[in-house]
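Numbered according to our numbering, the sequence shown spans residues 3 to 375. Every residue, glycine too, gets a C-beta built ideally from N, C-alpha and C. In this text the structure is predicted, and so the values were computed from the model without any measurement.
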Amino acid sequence: MNAKRSILITGGAGFIGSHVVRLFVTKYPDYLIVNLDKLTYAGNLANLKDIENAPNYRFVRADICDFDRIRELLAEYRIDGIIHLAAESHVDRSIKDPFTFARTNVMGTLILLQAAKLYWESLPEGYDGKLFYHISTDEVYGALELTKPEGVKSDISAHEVYGDDFFRETTKYTPHSPYSASKASSDHFVRAFHDTYGMPTVITNCSNNYGPYQFPEKLIPLFINNIRHRKPLPVYGKGENVRDWLYVVDHARAIDLIFHKGKVAETYNIGGFNEWKNIDIIKVVIRTVDRLLGRTEGEDMDLITYVTDRAGHDLRYAIDSTKLKRELGWEPSLQFEEGIEKTVKWYLENQAWMDNITSGEYEKYYEDMYKNR
Ligand code: NAD
Ligand code: DAU
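What follows is the structure, given as structure tokens:
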């Protein structure tokens with residue numbers, strides 16, 4: 003194909019990556035989209051069934067830590083843009099096995115950077131028209147305090163009640179978990195490649211995503227599936243931790259905008275000003291699943307089971323994404339109520355997708371993970 007641009011998306015078989023691949027493949031038929039994924043436990047080609055035969059789409063199974071292979075692929079497909087999402091992404095796994103996170107998230111990112119550097123510097127035009135876009139997380143900023151005043155009604159998402167304390171692009175990095183430490187380290191390498199070699203880079207730090215195709219070890223899909231099967235819902239600690247939730251398609255839209263219009267060497271925070279205490283969002287999920295399954299709304303509240311807290315559990319994340327709105331005009335398109343309704347419906351209507359993942363090997367992993375809590 004004689005493509006206008008050739009873009010490598012790493013981790014495209016994962017949750018967010020599959021939404022980014024889908025958006026780029028369908029929106030830009032004149033781009034070649036190469037999805038590079040190792041297909042770890044979190045990678046699933048079923049996430050991309052609807053576009054797998056598109057003429058501008060290629061899938062390559064490869065490990066970002068395989069330097070020689072990455073170098074070959076960049077040249078073979080004449081890659082001019084990289085959107086890097088491949089990572090180990092689950093905090094609980096990083097607590098059990100930090101080495102895998104250092105390998106993939108730190109070394110893998112460095113290998114990708116070095117391979118891109120060598121390839122792009124070998125071309126007559128050098129870095130002109132090239133971009134290395136690194137997808138990072140709000141967790142690199144550490145944790146915020148809970149400033150919610152006493153007596154405020156629960157079950158609300160308004161960020162105002164939590165005060166004016168947010169993660170901004172200027173917030174100092176203070177990662178706490180092995181996962182966030184590995185992501186912070188990869189961010190530093192990306193900035194170093196810009197500052198040292200002049201590679202055109204951009205980094206975005208996004209808050210918690212939710213939506214279709216999320217691996218069911220993460221809070222929302224795990225709980226939807228457990229409610230359906232009337233299994234206990236393991237709430238860490240007192241359920242008071244706060245997360246800032248964004249519908250995954252809105253994240254993909256932001257990535258598209260920043261890839262095309264973002265300023266080189268900049269950082270942009272992405273978030274929906276949509277903070278929820280875990281226990282409040284869990285109650286919303288229970289009520290929504292119950293209603294959509296024709297049960298009495300709230301009848302599954304007794305599945306809530308408080309368990310030992312996550313080690314080093316960050317209290318609150320909250321992203322200030324006003325820079326992205328001010329400079330590039332991005333805003334989330336979906337209200338939370340609509341997003342969560344769509345999400346719950348999707349999981350309930352795609353039980354085969356879920357069963358495929360939750361049977362067999364994963365079932366054993368999940369049992370081991372929770373046995374000791
Ligand atoms: P995910 O775990 O669902 O998917 C990760 C993908 O990367 C999988 O397809 C996996 O097979 C692939 N992968 C892992 N190791 C690889 C390797 N060595 N080589 C090639 N491919 C490999 O993750 P996600 O939730 O979609 O997150 C994607 C990115 O977005 C990550 O970098 C994560 O840090 C970041 N992020 C996630 C969230 C969130 O809420 N999920 C929020 C902000 C940022
Ligand atoms: O903030 C962005 C990050 O969001 C991403 O960088 C990570 O890749 C992504 O996994 C997510 O991290 P969290 O740790 O916030 O997500 P998780 O879904 O694991 O947990 C959300 C909250 O719910 C957290 O406070 C822990 C809690 N929790 C989670 C699980 C899986 C529970 O109480 N019980 C559970 O069983």
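Please report the residue range of the alpha helix (DSSP H) in which D282 lies.
Taking the first residue of the sequence shown as position 1, residue 282 is located at position 280. Counting along the chain, the alpha helix (DSSP H) containing D282 begins and ends at N280 to L294.
Got a sec: does the ligand NAD put a non-hydrogen atom nearer than 6 Å to the Cβ of G144?
The count along the sequence shown starts at 1 and reaches residue 144 at position 142. No, the Cβ of G144 stays beyond 6 Å of every heavy atom of the ligand NAD.
Please identify the residue among P236, K233, V22 and L350 whose C-alpha is closest to the C-alpha of V291.
Against the sequence shown, residue 291 aligns to sequence position 289. Among P236, K233, V22 and L350, the Cα nearest to that of V291 belongs to L350.
If you scan the segment 88-115 from start to end, which runs of the alpha helix (DSSP H) of 4 or more residues do you find wholly inside it?
DSSP runs (the alpha helix (DSSP H)) wholly in the segment 88-115: 93-98 and 100-103.
Any heavy atom of the ligand DAU closer than 6 Å to the CB of T206?
Numbered from its first residue, the sequence shown carries residue 206 at position 204. No.
Apart from the five residues just before and just after T289, which ones in its own chain have a Cβ nearer than 6 Å to its Cβ?
In the sequence shown, residue 289 corresponds to position 287, counting from 1. A small fix is needed here, since residue 289 is Arg in this sequence, not Thr. Cβ within range, chain order: E299 and G300.
Measuring from the CB of D140, is there a heavy atom of the ligand DAU at a distance below 6 Å?
In the sequence shown, residue 140 corresponds to position 138, counting from 1. Checking every heavy atom of the ligand DAU against the Cβ of D140, one is found closer than 6 Å.
Proximity winner among I283, L34 and D189, relative to N58 (alpha-carbon distances):
For this step, residue 58 is matched to residue 56 along the sequence shown. The residue with the shortest Cα to Cα distance from N58 is L34.
Find the nearest neighbour of V287 within the set G273, I359, I229 and K29, judged by alpha-carbon distance.
By one-based count along the sequence shown, residue 287 stands at place 285. Of G273, I359, I229 and K29, the smallest CA-CA separation from V287 is found for I229.
Quick check: does the Cβ of R95 come within less than 6 Å of any heavy atom belonging to the ligand DAU?
One-based indexing of the sequence shown puts residue 95 at position 93. No, the ligand DAU has no heavy atom inside 6 Å of this Cβ.
Cβ-based neighbour list, D357, same chain, cut-off 7 Å, excluding 5 preceding and 5 following
As a first step, residue 357 is located in the sequence shown; it is residue number 355 there, counting from the start. Cβ neighbours of D357 beyond the five flanking positions: none.
Would you check if there are 3 or more beta carbon pairs closer than 8 Å linking the segment 214-222 to the segment 174-185?
no
Which same chain residues end up closer than 6 Å to D311 when comparing Cβ atoms and leaving out the 5 residues on each side of it in sequence?
Position 309 of the sequence shown, counting from 1, holds the residue named residue 311. The answer, listed in chain order, is Y238 and G239.
With a cut-off of 8 Å on the beta carbons, I'd call G273 and Y249 a contact; round off their distance for me.
In the sequence shown, counting from the first residue as 1, residue 273 sits at position 271. In the sequence shown, counting from the first residue as 1, residue 249 sits at position 247. Not really, about 11 Å apart at Cβ, beyond 8 Å.
Could you tell me the alpha carbon to alpha carbon distance between N243 and K174, rounded to whole angstroms?
To locate residue 243, count along the sequence shown from 1; it is residue 241. To locate residue 174, count along the sequence shown from 1; it is residue 172. Distance between the alpha carbons of N243 and K174 is about 21 Å.
The ligand ZN and N55: does the residue's C-beta get closer than 6 Å to at least one heavy atom of that ligand?
For the ligand ZN, the structure offers nothing, since it holds only the ligand NAD and the ligand DAU.
Note down, in chain order, each residue of its chain lying with its Cβ closer than 7 Å to the Cβ of D82, except the 5 sequence neighbours on either side.
For the purposes of this step, residue 82 is taken as the residue at position 80 of the sequence shown. In its chain, beyond the 5 residues on either side, R7, S8, G131 and K132 have a beta carbon closer than 7 Å to the beta carbon of D82.
I want to check one thing, is the minimum distance from the CB of L1 to the heavy atoms of the ligand DAU below 6 Å?
Residue 1 cannot be examined here, being either before or after the span of the chain that is shown, 3 to 375.
Does DSSP put R193 in a helix, in a strand, or in coil?
Start at 1 with the first residue of the sequence shown, and residue 193 comes out as number 191. Residue state, collapsed to three classes: helix.
Helix, strand or coil for G16 per DSSP?
In the sequence shown, counting from the first residue as 1, residue 16 sits at position 14. Looking at G16 - three-state DSSP - the assignment turns out to be coil, as it is neither helix nor strand.
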